[in-house]
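*Asks:* Under the UniProt record's numbering, think of the first position of the sequence shown as 1, with each following residue one higher.
From the three backbone atoms N, C-alpha and C, an ideal C-beta is built for every residue, glycine too.
Just so we're clear, the structure is a prediction, and the values are computed from it rather than from any experiment.
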Amino acid sequence: MKRVLDVSMLEPCEPLERTLEAIAGLAPGDYLLVLHRRRPNLLFPLLEQAGFCWHCREGGAAGYEIFIWRQDDAAAEIGAGCDLQC
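1) What span of residues does the beta strand (DSSP E) with Leu33 cover, start to end?
2) Could you give the distance in angstroms between the alpha-carbon of Ala22 and the alpha-carbon of Trp54?
3) Which of helix, strand or coil does DSSP assign to Glu11?
4) So if DSSP puts Gly81 in a beta bridge, which residue, or which two residues, is it bridged to?
5) Could you work out which residue in Met9, Tyr64, Tyr31, Ala24 is closest to Asn41 when comparing CA atoms only?
6) Please report how far the alpha carbon of Gly29 lies from the alpha carbon of Ile78, in whole angstroms.
7) With 16 as the cutoff for other CB atoms within 10 Å, does Pro45 come out buried or exposed?
8) Alpha carbons only, please: which of Glu48, Gln49, Cys56 is nearest the one belonging to Ala34?
9) Just the Cα atoms here: how many angstroms apart are Arg38 and Gly25?
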């Protein structure tokens, strides 16, 4: 199931903090779509250390879309992949 978090209007470090809070609550099969106005390069190593996969693409109304799911969660990866195809 897709969960959406729009951090595009927040000031640093709020987007990072809110994203880390949101991923902690992801249930099996869930993935998070983060809408951000810039590429959050500091976030990516933290996600990997915490056991999450991610894909970032430029575009959309906010500027960047970051898809985040737990490693080894095939259902979430498929869901995120379907959204990436759009």
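*Replies:* With the given structure in hand:
1) 31–36
2) 14 Å
3) coil
4) In DSSP, Gly81 forms no bridge with anything.
5) Tyr64
6) In a straight line, the C-alpha of Gly29 is about 9 Å away from that of Ile78.
7) Counting Cβ neighbours within 10 Å, Pro45 comes out exposed, since fewer than 16 surround it.
8) Per the sequence shown, residue 34 should be read as Val rather than Ala. Among Glu48, Gln49, Cys56, the Cα nearest to that of Val34 belongs to Cys56.
9) 24 Å
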